[in-house]
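Engineer: I have a structure I would like to understand better, so I am pasting it below and will then ask my questions one at a time.
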Amino acid sequence: MHRHLGVLQRGPYDPACRFEDGAAWRGTRTPDGPAALRMRQERGTDGPVVRAEAWGPGAGWALETLPALLGGADDPSAFVPHHRLVAEAHRRHPGLRLARTGLVLESLIPSVLEQKVTAEEAYRAWRLLVRRFGERAPGPNLSLHVMPSARDWCRIPSWEWHRAGVDGKRSAAVVRAAQRASRMEEAAGMELDAALRRLQAIPGIGPWTAAETLQRSNGDPDAVTVGDLHLPRIVGYALTGARGVDDAGMLELLAPYAEQGQRHRATRLILSTGRVPPRRQPRFPVGDIAPL
Numbered sequence: 010m011h012r013h014l015g016v017l018q019r020g021p022y023d024p025a026c027r028f029e030d031g032a033a034w035r036g037t038r039t040p041d042g043p044a045a046l047r048m049r050q051e052r053g054t055d056g057p058v059v060r061a062e063a064w065g066p067g068a069g070w071a072l073e074t075l076p077a078l079l080g081g082a083d084d085p086s087a088f089v090p091h092h093r094l095v096a097e098a099h100r101r102h103p104g105l106r107l108a109r110t111g112l113v114l115e116s117l118i119p120s121v122l123e124q125k126v127t128a129e130e131a132y133r134a135w136r137l138l139v140r141r142f143g144e145r146a147p148g149p150n151l152s153l154h155v156m157p158s159a160r161d162w163c164r165i166p167s168w169e170w171h172r173a174g175v176d177g178k179r180s181a182a183v184v185r186a187a188q189r190a191s192r193m194e195e196a197a198g199m200e201l202d203a204a205l206r207r208l209q210a211i212p213g214i215g216p217w218t219a220a221e222t223l224q225r226s227n228g229d230p231d232a233v234t235v236g237d238l239h240l241p242r243i244v245g246y247a248l249t250g251a252r253g254v255d256d257a258g259m260l261e262l263l264a265p266y267a268e269q270g271q272r273h274r275a276t277r278l279i280l281s282t283g284r285v286p287p288r289r290q291p292r293f294p295v296g297d298i299a300p301l
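Using my numbering, the first residue of the sequence shown is number 10, and each one after it goes up by one.
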């Protein structure tokens, strides 16, 4: 369960996505309203099955879209490995499916918060903002929250963004996206190129943020992340042993998977191997603008 849905969790203390006692919990704002979704994998007579319960006005929508969330709309059979390392990872993870939430803003906003900061800073900002301006999710899990509505994102005062460690550029991008929430959500039903253009029409949303969003909202197997500090180096080192590979070099290595429309799946498999270049410099320091 965690292998499929872990990409939706923004840090170990994400108030909207939790893994507790063998179950996965999601607090989500559906088109029908807030919902809480609990999923647990169990052993059935014909193999593993997922038992799910949902609460709140959006419960019906959450259960209806559950198969896509669990990768039911994904087709891993279209993937053909072109590197020995990728083939081995594919053999070890034959059931890897890409989750599709069908909700764009839910993935877009935390992706904006992750721009140009450490993961720890971004996770903290998401956690603080969701708990303060969102709402407790329906149902029995008292620690689960639903993110703010589009209107409420636009109403967050500037000092609260600052208190959460979010600078003006990122908060402005979130507000612009929330103001055009219906246009953003339309991208969930678009082909990749059109969806990328739709998201990047918002100032402050570039290729990195758009790809990170569509990987989750659309479950797109070709939405490869570019502009990332680490991914090109990891892909380059894993496939060739070379250090310092940039985006252009990564895309060249992934070109065989572009023909299949599977570059994102290929990078997920590469990351699953844990083959990363040795660290040669200290970690990026964690910043905090709140006291300023």
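Every residue gets a Cβ at the ideal spot worked out from N, C-alpha and C, and that includes glycine. Quantities reported herein were computed from a predicted structural model and do not represent experimental measurements.
When we look at the beta-carbon of V95 and count the other beta-carbons within 10 Å, is it buried (16 or more) or exposed?
Structural biologist: Counting Cβ neighbours within 10 Å, V95 comes out buried, since at least 16 surround it.
Engineer: Provide the residue(s) that pair with Q50 in DSSP beta bridges, ordered along the chain.
Structural biologist: According to DSSP, which records beta bridges pairwise, Q50 is partnered with V59.
Engineer: Going straight from the alpha carbon of G20 to that of D176, what length do you get?
Structural biologist: Answer to the nearest angstrom: the Cα atoms are 20 angstroms apart.
Engineer: Give a yes or no on whether the C-beta atoms belonging to R185 and V233 are separated by under 7 angstroms.
Structural biologist: Against a cut-off of 7 angstroms, the Cβ pair of V233 and R185 comes out as no contact.
Engineer: Per DSSP, what kind of secondary structure is A33 in: helix, strand or coil?
Structural biologist: Here A33 sits in strand by DSSP.
Engineer: If you draw a straight line from the C-alpha of V89 to the C-alpha of Q269, how long is it?
Structural biologist: Their Cα atoms are separated by approximately 8 angstroms.
Engineer: Determine, using beta carbons only, whether Y22 and R136 come nearer to each other than 7 angstroms.
Structural biologist: In this structure, R136 lies closer than 7 angstroms to Y22 by Cβ.
Engineer: Below 8 angstroms on the Cβ atoms is my contact criterion, and I expect G228 with R35 to pass it. Report the Cβ-Cβ distance as a whole number of Å.
Structural biologist: G228 to R35, Cβ: 15 angstroms. No contact.
Engineer: At the level of alpha carbons, what is the spacing between R274 and L260?
Structural biologist: Straight-line Cα distance between these residues: approximately 13 angstroms.
Engineer: Looking only at its own chain, which residues have a Cβ that is under 7 angstroms from the Cβ of H13, when we skip the five neighbours before and after it?
Structural biologist: Counting only Cβ-Cβ distances below 7 angstroms, and skipping sequence neighbours, we find L79, G80, R106 and A108.
Engineer: Out of D41, V59 and Q50, state which residue places its alpha-carbon closest to the alpha-carbon of G69.
Structural biologist: Here the closest residue by C-alpha is D41.
Engineer: Please list the terminal residues of the continuous alpha helix (DSSP H) segment that includes V121.
Structural biologist: Segment V113 to L122, the alpha helix (DSSP H) holding V121.
Engineer: Check each candidate in A131, A204, G198 and A190 and name the one with the smallest Cα separation from W162.
Structural biologist: Of A131, A204, G198 and A190, the residue nearest in Cα terms is A190.
Engineer: If I measure Cβ to Cβ from D256 and keep anything under 6 angstroms in the same chain, skipping five residues before and after, which residues do I get?
Structural biologist: Within the same chain, D256 has close Cβ partners V235 and P241.
Engineer: Along the chain, which unbroken stretches of the beta strand (DSSP E) at least 3 residues long are found entirely within the segment 116-182?
Structural biologist: If we require 3 residues or more, the segment 116-182 turns out to have no beta strand (DSSP E) run fully inside it.
Engineer: Can you give me the C-alpha to C-alpha distance between W217 and A63, rounded to a whole angstrom?
Structural biologist: W217 and A63: Cα-Cα distance of roughly 32 angstroms.
Engineer: Let me check understanding here. Comparing Cα to Cα, which of V113, P147, F28 and I118 lies closest to L138?
Structural biologist: The shortest Cα separation from L138 among V113, P147, F28 and I118 belongs to I118.
Engineer: If you compare alpha carbons, which of S281, S158, E200 and A134 is closest to W168?
Structural biologist: The residue with the shortest Cα to Cα distance from W168 is A134.
Engineer: CA-CA distance, V58 and E73?
Structural biologist: So the alpha carbons of these two residues sit roughly 16 angstroms apart.
Engineer: Report the residue from V183, H92 and T127 whose alpha carbon sits nearest the alpha carbon of L248.
Structural biologist: Taking only the C-alpha atoms, the option nearest L248 is H92.
Engineer: Please classify T276: does DSSP put it in a helix, a strand, or coil?
Structural biologist: The answer is helix: DSSP assigns T276 an H, G or I state.
Engineer: Roughly how many angstroms lie between the CA atoms of A98 and S86, to the nearest whole one?
Structural biologist: Distance between the alpha carbons of A98 and S86: 15 angstroms.
Engineer: Please identify the residue among G253, L205 and R160 whose C-alpha is closest to the C-alpha of A220.
Structural biologist: Considering only alpha carbons, the answer is L205.
Engineer: Would you mind stating whether M193 and V113 have Cβ atoms separated by less than 7 angstroms?
Structural biologist: Against a cut-off of 7 angstroms, the Cβ pair of V113 and M193 comes out as a contact.
Engineer: Find out if the Cβ-Cβ distance for the pair T222, S120 is shorter than 7 angstroms.
Structural biologist: For T222 and S120, yes; Cβs fall inside 7 angstroms.
Engineer: In chain order, what residues of the same chain lie with their CB nearer than 6 angstroms to the CB of E144, ignoring the 5 residues before and after it?
Structural biologist: The residues are V155.
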